[in-house]
Each structure stands twice: as structure tokens, then as C-alpha cells.
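Q:
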Amino acid sequence: MSKKGQLLLLAVIVLASAVLYALSVLKYSHPRAVLVRDYIQAAEVVQLARVWIKYNLNVSIINQTLLSFYQLNKTYHLNIPLLTYTISSDTLLDFYEGYCNYSVVFRTNGKKYVKVVVYYEYYYCGSYFRRIGAEEVLVYNYTLLYYHVYEGPWGRLVLYPQLIDIYHNLDLKYLGKGSWILGVPANMTWMLIDRYEIPIKVGG
Amino acid sequence: MRGSIEAVFIVLVFAVYSVLFYQIVFSSIERDYAALENRIFAYVILNYYTFNESLLLKYYNLSNIAYLKVVEYPGGTISFEKGDPGNCVFIRFVYIRSDSNYTLFEIGVRP
Numbered sequence: 004m005s006k007k008g009q010l011l012l013l014a015v016i017v018l019a020s021a022v023l024y025a026l027s028v029l030k031y032s033h034p035r036a037v038l039v040r041d042y043i044q045a046a047e048v049v050q051l052a053r054v055w056i057k058y059n060l061n062v063s064i065i066n067q068t069l070l071s072f073y074q075l076n077k078t079y080h081l082n083i084p085l086l087t088y089t090i091s092s093d094t095l096l097d098f099y100e101g102y103c104n105y106s107v108v109f110r111t112n113g114k115k116y117v118k119v120v121v122y123y124e125y126y127y128c129g130s131y132f133r134r135i136g137a138e139e140v141l142v143y144n145y146t147l148l149y150y151h152v153y154e155g156p157w158g159r160l161v162l163y164p165q166l167i168d169i170y171h172n173l174d175l176k177y178l179g180k181g182s183w184i185l186g187v188p189a190n191m192t193w194m195l196i197d198r199y200e201i202p203i204k205v206g207g
Numbered sequence: 097m098r099g100s101i102e103a104v105f106i107v108l109v110f111a112v113y114s115v116l117f118y119q120i121v122f123s124s125i126e127r128d129y130a131a132l133e134n135r136i137f138a139y140v141i142l143n144y145y146t147f148n149e150s151l152l153l154k155y156y157n158l159s160n161i162a163y164l165k166v167v168e169y170p171g172g173t174i175s176f177e178k179g180d181p182g183n184c185v186f187i188r189f190v191y192i193r194s195d196s197n198y199t200l201f202e203i204g205v206r207p
């Protein structure tokens, strides 16, 4: 290579180095992060559905909370997609057996985005007497199966939420996998909710 | 012989600059961006109803975030704050309880 050619090559190397340096400064001068639509948005929608179920799919509550949710979405840039929903509930609450099936499905662009199912069923299996204070109280004994199902970007998730005896007068024993033994005192006020405050009604 | 060495040198210079150019100009999600860790907090939302300090501290330590603030509304009471928000990029999410009652989570990461 002639001296002229070598000088030209050197000039090209210097120019290329300067261009690369300028590019690197331009490109890395600002921190970057990806705000992806991921599990968190779907989880927020699951919680919204749980609030609706807590209030027995009351239309007024649904409208108020949905409006509030969309306002929060705008205020905090939550990145929640535009949703349509369908709700359904199927309930049979007899003394000897019963079930309750709540379902909320959210769709975005016609595709299923999140589905929340809250289900329980119970069966009467006898009675016994229990001493509460000075008196003997008749207690109805039930087996109870209680679970939530959440379908979303994570796939299918089954939860067996903890149950809470509000007035501390039930006999409540957890057997595992959502199965409970429940003793309900006759003629006493009681209240059973899950950890998300969804009420559970047993025995009609 | 001298011409061959020069040719190899030119090819090497060209290759090095091509790689540098690619590295600088073309972005890669894995290499150039910090993905905001939210899956761990999706788990928190799905599994909890109340958020005490020890629970939040546990998940703050488990995740690779720089800042976490939890605010209860109505009222705007800060129930938890940990880390330094300086130079962070934020993602916010809410845990709705009713039309006016919700918990706001603010996660900050430093890319």
C-alpha cells in the first residue's frame, strides 16, 4: 500500500472511531427501562374481579369500581388494556347441600385476558352438641370445598384461600386442598369470609 | 507478501468496527434494557389482601428493585417506603378494594 493509501486508511479508522464514540454517547446518555404489559396488569384485574364477587356481582359496585379503575389507569399509567367483561353466578344454598359459583371473564381485543372463578360447595354430614359458655348448643356439621381459579398470562392458578371466622363461634378445621370441616351453631349469628373478604354462606 | 498483511489488517479493522457498530447501534432487550420486575409483585397481589411491613420488606429484598413505596388511599398515607428513588424509572400498580379505597404500589428500577 502506498503512503497515500496508508494515510487514507488511518483517516478512515480515526473517522470511524469518532463516529462510534459519538453514537455511543448519544445512545447511552439516558437510562432506559421497558414498561411491559405483563403479569402485574392481569393481577390487578383479578383483584378487581374479587372486589366484584365480594359484593355479590352488584351492578352498581361493578360500574363504580370499573370507572375508578380506568381513572387510576389513566392517572398512574397502569398500562391496563381496554377490557370487556362477562359475569355469571350460579348459586344453590340448601340446608343439606349447596354450591356457589362466581365467574368473571375479562377480554381484550376479543381474546380472553383474565378469568376469575370463585367456587364453593358444602354437604351436611351430621350434628353434635357443643358447650358454649353455660349452654349446650346444637352444631350442624358440614364439609366445605372452597377455591379460587385465576386464568391469565401466567396460565391457570388454583388458590385455596384461608377462611376467617369473624365472630369466632364456628368450628373450623382445614383438611388441605381447599377442604374444610365446618361446625355451624344453630340459632347463632356467624359470618365466614375468605382472606379477600368474600363471604361464604353455608346451610341455606 | 506485504500486500497480504495489509489486506488482513484492513479486514480485521473492518470486522472490529462492524461489531462495535452493531453493539452500539442495534438494541437488544436483554442487553440494553432493564425490565421492571413485576412478576414477583403480581404474586403478592394474587396471594395477599393486606400488606404489612415485614411482607413488603421480604418481597423488596427478593426482587431486584431500587425503590418501593406503598401508599394507602383515600388519605395518601405512606405505609411503606424503602430505597432511593433517584434516577429510577417507575412502574405503578394498584390494589383496588372499592371505588375510593385502594393501595398504590410504586416500584423504581435503575437501568
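Here the protein sequences come in this chain order: A and B. Using this note's numbering, the final residue of the first sequence is 207, and nothing's skipped along the way. Using this note's numbering, the final residue of the second sequence is 207, and nothing's skipped along the way. The C-beta atom is built at its ideal place from N, Cα and C for all residues, glycine as well. Nothing here was measured: the structure is a model prediction, and the numbers come from that model.
Within 10 angstroms of its Cβ, does Q50/A collect 16 or more other Cβ (buried), or is it exposed?
A: Here the question's residue 50/A lines up with position 47 in the first sequence. Burial call: buried.
Q: How about I161/B and V190/B: do their beta carbons lie closer than 9 Å?
A: What you label residue 161/B is simply residue 65 of the second sequence in a count that begins at 1. What you label residue 190/B is simply residue 94 of the second sequence in a count that begins at 1. Not a contact, by the Cβ cut-off of 9 Å.
Q: From what residue to what residue does the alpha helix (DSSP H) around S63/A run?
A: As a working note, residue 63/A is residue 60 in the first sequence. Its alpha helix (DSSP H) spans residues 62–79.
Q: Do the region 164–175 of chain A and the region 186–198 of chain A meet, that is, are 3 or more Cβ pairs less than 8 Å apart?
A: Short answer: they touch.
Q: Along the beta strand (DSSP E) that carries W183/A, what are the first and last residues, could you check?
A: Counting from one through the first sequence, the residue named residue 183/A turns up at place 180. Residues 182–188.
Q: Going by CA-CA distance only, name the one from N190/A, Q165/A, M191/A, I169/A that's closest to G179/A.
A: As a first step, residue 179/A is located in the first sequence; it is residue number 176 there, counting from the start. Measuring from the Cα of G179/A, the nearest candidate turns out to be Q165/A.
Q: Put G172/B into one of helix, strand or coil per three-state DSSP.
A: By one-based count along the second sequence, residue 172/B stands at place 76. The answer is coil: DSSP assigns G172/B none of H, G, I, E or B.
Q: Is the region 68–78 of chain A touching the region 119–129 of chain A in the sense that three or more CB pairs, one from each, lie closer than 8 Å?
A: Counting Cβ pairs under 8 Å, fewer than three are found: no touch.
Q: Would you mind listing the beta strand (DSSP E) stretches within the region 77–118 of chain A that are 3+ residues and don't spill past its ends, in chain order?
A: The region 77–118 of chain A contains these whole beta strand (DSSP E) runs: 87–96, 100–111.
Q: Quick one, which of S100/B, I203/B, G99/B, E102/B has its alpha-carbon nearest L153/B's?
A: The residue given as residue 153/B occupies position 57 in the second sequence. Per the Cα distances, I203/B.
Q: Is it buried or exposed for L200/B, if we count other Cβ within 10 angstroms and need 16 for buried?
A: In the second sequence, counting from the first residue as 1, residue 200/B sits at position 104. So L200/B counts as buried.
Q: Using a Cβ-Cβ cutoff of 8 Å, what residues of the region 174–192 of chain B are near chain A? List them in chain order.
A: Within the region 174–192 of chain B, the qualifying residues are N183, V185, I187, R188, F189, V190, Y191, I192.
Q: With a CB to CB cut of under 6 Å and the five nearest residues on each side skipped, what residues in its chain are close to V152/A?
A: On the first sequence, position 149 is the one that residue 152/A refers to. So the list reads V120, V161, once near-sequence residues are dropped.
Q: Name the chain B residues whose beta carbon is nearer than 8 Å to that of V49/A?
A: Position 46 of the first sequence, counted from the first residue, corresponds to residue 49/A. Chain B residues near V49/A: I141, L142.
Q: Have a look at E102/B and S27/A and give me their C-alpha separation to the nearest angstrom.
A: Along the second sequence, read from residue 1 onward, the residue named residue 102/B stands at position 6. Along the first sequence, read from residue 1 onward, the residue named residue 27/A stands at position 24. Distance between the alpha carbons of E102/B and S27/A is about 28 Å.
Q: Could you tell me the distance, in whole angstroms, from the CA atom of I120/B to the CA atom of A25/A?
A: Stepping through the second sequence from its first residue, residue 120/B is reached at position 24. Stepping through the first sequence from its first residue, residue 25/A is reached at position 22. Going by the C-alpha atoms only, they are around 10 Å apart.
Q: What are the residues that DSSP puts in a beta bridge with T146/A?
A: The sequence position of residue 146/A within the first sequence is 143, counting from 1. Answer is Y126/A, I184/A.
Q: Spell out whether any CB of chain A is found under 9 Å from the CB atom of S194/B.
A: One-based indexing of the second sequence puts residue 194/B at position 98. It does: the Cβ of S194/B has a partner Cβ on chain A nearer than 9 Å.
Q: Consult DSSP for V205/A and reduce its assignment to one of helix, strand or coil.
A: The residue you call residue 205/A lines up with position 202 of the first sequence. V205/A falls in the coil class under three-state DSSP.
Q: Candidates L13/A, L18/A, V54/A: which alpha carbon is nearest I196/A's?
A: Indexing the first sequence from 1 puts residue 196/A at position 193. Checked all of L13/A, L18/A, V54/A; the closest Cα to I196/A is V54/A.
Q: Please report the distance separating the alpha-carbon of V115/B from that of T111/A.
A: Along the second sequence, one-based indexing puts residue 115/B at 19. Along the first sequence, one-based indexing puts residue 111/A at 108. Cα to Cα, the separation comes out at about 41 Å.
Q: With DSSP collapsed to three states, give me the class of F186/B.
A: Within the second sequence, residue 186/B is the residue found at index 90, counting from 1. Here F186/B sits in strand by DSSP.
Q: Work out the CA separation of S130/A and S63/A for me, nearest whole Å.
A: Residue numbering aside, residue 63/A sits at position 60 when the first sequence is read from its first letter. Residue numbering aside, residue 130/A sits at position 127 when the first sequence is read from its first letter. Using only the alpha carbons, I get a separation of about 40 Å.
Q: Let me know if V107/A comes out buried or exposed under the rule of 16 or more other beta-carbons within 10 Å of its beta-carbon.
A: Start at 1 with the first residue of the first sequence, and residue 107/A comes out as number 104. Buried, because 16 or more other Cβ atoms sit within 10 Å of the Cβ of V107/A.
Q: Residues bridged to T192/A by DSSP?
A: Stepping through the first sequence from its first residue, residue 192/A is reached at position 189. None; T192/A has no bridge partner.
Q: Mark D180/B as exposed unless 16 or more other C-beta atoms lie within 10 angstroms of its C-beta, in which case mark it buried.
A: Numbered from its first residue, the second sequence carries residue 180/B at position 84. Burial call: exposed.
Q: For S182/A, collect the residues of the same chain with a Cβ closer than 6 Å to its Cβ; drop the 5 residues on either side in sequence, then sort them by chain order.
A: Here residue 182/A is taken as the residue at index 179 of the first sequence, counted from 1. Excluding positions up to five away in sequence, the list reads L148.
Q: Report the three-state DSSP secondary structure of G179/B (helix, strand or coil).
A: By 1-based counting over the second sequence, the position of residue 179/B is 83. G179/B falls in the strand class under three-state DSSP.
Q: Give the residues from the region 68–80 of chain A that approach chain B closer than 8 Å (Cβ to any Cβ), ordered along the chain.
A: Within the region 68–80 of chain A, the residues whose Cβ lies closer than 8 Å to some Cβ of chain B are T68, L70, S71, F72, L75, Y79, H80, listed in chain order.
Q: Skipping 5 residues on each side, what residues in its chain have a beta carbon closer than 8 Å to that of P170/B?
A: As a first step, residue 170/B is located in the second sequence; it is residue number 74 there, counting from the start. Result list for P170/B: S196, N197, in chain order.
Q: Return the residues of the region 41–65 of chain A that lie within a Cβ-Cβ distance of less than 8 Å from chain B, sorted by chain order.
A: Cβ contacts with chain B come from D41, Y42, I43, Q44, A45, A46, E47, V49, Q50, L51, V54, I64.
Q: Determine the closest residue to Y163/A out of F105/B, Y144/B, C184/B, S159/B, with distance taken between C-alpha atoms.
A: For the purposes of this step, residue 163/A is taken as the residue at position 160 of the first sequence. When only C-alpha atoms are compared, the closest one is Y144/B.
Q: I'd like to know if L166/A contacts chain B, where contact means its C-beta is closer than 9 Å to some C-beta of that chain.
A: Indexing the first sequence from 1 puts residue 166/A at position 163. No, its Cβ sits nowhere closer than 9 Å to a Cβ of chain B.
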